[in-house]
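S.K.: Chains as they are written, first to last, in my numbering: chain A, 7 to 334; chain B, 7 to 334. A virtual CB, placed ideally from N, CA and C, is assigned to each residue, including glycine. I'd like to ask some things about the structure below.
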């Protein structure tokens, strides 16, 4: 890891949005160093409720998206997987009659092979993740939310589905009626997660899905309490802009689970479900019309350009959050 | 499998030479069918003493060489692995600090991933091999010599080495002083192997290494006895032609382990070590000068073109062995 000391920033992240904002913080950190400002020590706490076993291998889609993005290896076109990818293993697995609806490229496959080997050798997921991320040169501490297995499941009109069955195989087409997380009662945040939260100077909730990404992290028993007890300010970036999720089904989930598909709906979700957790919400400029009503109801709001199309966008958004909220 | 009934031919095989002769039998079988002769049911009993675990995956190099060759997927240039191969997984594994001295291409990787998954799900190696070979359309029954783990080890001036450490990592440069096989005492031939030997109408020992390939198969307790008790004639093809092994270290092993690097040395090895096992030896035309002395000492010899450069060579050699020795 390139940063071991510095101002301690913690990001709670799912996959795509969490990866981009985390990368923004890493880019902002590099910019600070170039200006000889105090360095940042970035820790990303990542949802593992989307994890699954494929071909006997341990696959952690959100951890990998964050890791590849931070290491500069992400596939910018797909938003998942590794760039310059080949697909030979997957094609051959298909010859063998294996199910290949979850796309695993050859470079990506190495991650799952290696992770599985490390886990089987006795490492925790936290240790295995640290080893992989360090080898790829990801400029952050990557922490799975827990070493314990948690599996998000989605209730649809067809009954309960495993998360990736809903998300990838069925393409998020089903209306989400309910969410549950197998193993969550027994899961605990790792010691590293608790230490990162306790020692943080700023905690950022990435523009990830509030239900299946951030919601799963917050559902790990003890993790929300740790966040509520942490001295650091908590800033949450809305994943809904202009009434629609930038990616994925967050907007439809807000509606089908009893809320509103809007930035205000995201704010309401966090405030009702996790009272006292978020100190400041970051909304996009596109949603500026929603700000007065929110502020009138006592919500602290920053309006920033939150749509991260370029690396510059990532750095600018993260830099603004740091400038506004990282205590001097 | 394309053949389930027919004249029952069993081949004992290591990797490259065993794969080519087995393929020859399969090609001869196809030619017989085209001529509406009675079909052949080919069973290949394969050495698994060269197996190893890499990246937590179960790798069976000889089984795979035979399977890929029979399925028409072999890499003709290297003699191992799959044709039209890519190397992305291996390159990425190297980034992760994994040892990649044993070349695993991306298509090949699928075989190990799938085999490992099948074994972990509770299948025997025999069952997993049948599943893989059938999916690839290999026109033969492929049988590992045993479902039990056996690991060949090589004593060199530097001490005992695991087989692939000697063979691949150190490139067969060490003089072989002794061979042993971890797990061999507890290993047993599978029921399928014993049934194939008992029911065979012709048994062919491929031109594979007499020590580490055929020798390891014959070292599985009970397997040699089954061969000696089998009613079928046993024909052995010399892997040494013109005083040199066509591939690999068989010639040097013959010398360092107390024999002679010649076709006659191969014959002597089999006759001394396994009395009564081989009924007929197949020598190459290049070694015709050695035949009179062998025949004078009571050895039955066929002289045939044994160097298999082309698919035609494979078919012609196998066809001649079948014509000479498969009972009417």
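1. Express the C-alpha separation of residue 233(A) and residue 13(A) in angstroms, rounding to a whole number.
2. Check whether the segment 286-296 of chain B touches the segment 228-243 of chain B, taking contact to mean three or more Cβ pairs, one atom from each stretch, closer than 8 Å.
3. Is residue 384(A) close to chain B, meaning its C-beta is less than 8 Å from at least one C-beta of that chain?
4. Give the straight-line distance between the Cα atoms of residue 120(B) and residue 205(B), rounded to the nearest whole angstrom.
5. Do residue 108(B) and residue 179(B) have their CB atoms nearer than 8 Å?
6. Where DSSP assigns a beta bridge to residue 1(A), which residues make up the other side?
7. Closer than 8 Å is the cut-off here; do at least three beta carbon pairs connect the segment 144-155 of chain A with the segment 81-92 of chain A?
8. Determine the direct distance from the alpha carbon of residue 323(B) to that of residue 73(A), and round the result to whole angstroms.
9. DSSP on residue 14(A), reduced to helix/strand/coil?
10. If contacts are defined as beta-carbon pairs under 8 Å, then residue 27(A) and residue 38(A) qualify, I think. What distance do you get, rounded to the angstrom?
11. Taking only runs that begin and end inside the segment 51-81 of chain A, name each unbroken alpha helix (DSSP H) of 4 or more residues, in chain order.
12. Tell me, please, which residues DSSP counts as bridged to residue 156(A).
13. Any C-beta of chain B sitting closer than 8 Å to the C-beta of residue 104(A)?
14. Against chain A, with Cβ distances strictly below 8 Å, would residue 240(B) count as a contact?
15. Could you check the C-alpha separation between residue 303(B) and residue 116(A) for me, to the nearest Å?
16. Please report the residue range of the beta strand (DSSP E) in which residue 307(A) lies.
17. When you compare only the Cα positions, how much space is there between residue 50(A) and residue 203(A)?
18. For residue 168(B), which of helix, strand or coil comes out of DSSP?
19. Does the CB of residue 119(B) have a neighbour CB from chain A at under 8 Å?
20. Is there a C-beta anywhere in chain B that falls below 8 Å from the one on residue 62(A)?
21. Buried or exposed for residue 185(A), going by 16 or more other Cβ atoms inside 10 Å?
22. Can you find the residues in the same chain that come closer than 7 Å, C-beta to C-beta, to residue 9(A), ignoring five residues on each side of it along the sequence?
23. Quick check: the Cα distance between residue 158(A) and residue 278(A), rounded to an integer number of angstroms?
24. Quick one, which of 111(B), 192(B) and 54(B) has its alpha-carbon nearest residue 81(B)'s?
25. Within 8 Å, do at least three Cβ pairs link the segment 191-202 of chain B to the segment 133-149 of chain B?
26. By a C-beta neighbour count over all protein chains shown, 10 Å radius and 16 as the cutoff for buried, is residue 316(A) buried or exposed?
27. If we cut at 8 Å on Cβ distances, does residue 193(A) have a partner in chain B?
28. Locate the beta strand (DSSP E) running through residue 148(A), then write down its first and last residues.
29. Mind checking residue 69(B): buried by the 16 CB within 10 Å criterion, or exposed?
M.R.: In short:
1. Rounded to whole angstroms, residue 13(A) to residue 233(A) spans 18 Å at the Cα level.
2. yes
3. Nothing can be reported for residue 384(A): it is not among the residues displayed for chain A, which extend from 7 to 334.
4. 31 Å
5. no
6. Given that chain A is displayed from residue 7 to residue 334, the structure contains no residue 1(A) and the question cannot be resolved.
7. no
8. Those two C-alpha atoms are separated by around 55 Å.
9. strand
10. With 8 Å as the limit, residue 27(A) and residue 38(A) do not qualify as a contact, their Cβ atoms being about 16 Å apart.
11. 67-76
12. BP columns for residue 156(A) are empty, so no partner.
13. Judged by the 8 Å Cβ criterion, residue 104(A) is in contact with chain B.
14. no
15. Spanning the two alpha carbons is a distance of roughly 57 Å.
16. Its beta strand (DSSP E) spans residues 307-310.
17. 10 Å
18. strand
19. yes
20. yes
21. By the neighbour-count rule (16 or more Cβ atoms within 10 Å), residue 185(A) is buried.
22. Low per-residue confidence applies at residue 9(A): pLDDT is 44, beneath 50, and the placement is therefore not dependable, though the value from the model is reported in the following sentence. Contacts found: 35, 45, 46, 47, 48 and 145.
23. 21 Å
24. 111(B)
25. yes
26. Burial call: exposed.
27. no
28. Element bounds for residue 148(A): 147-150.
29. The residue is buried, with at least 16 neighbouring Cβ atoms inside 10 Å.
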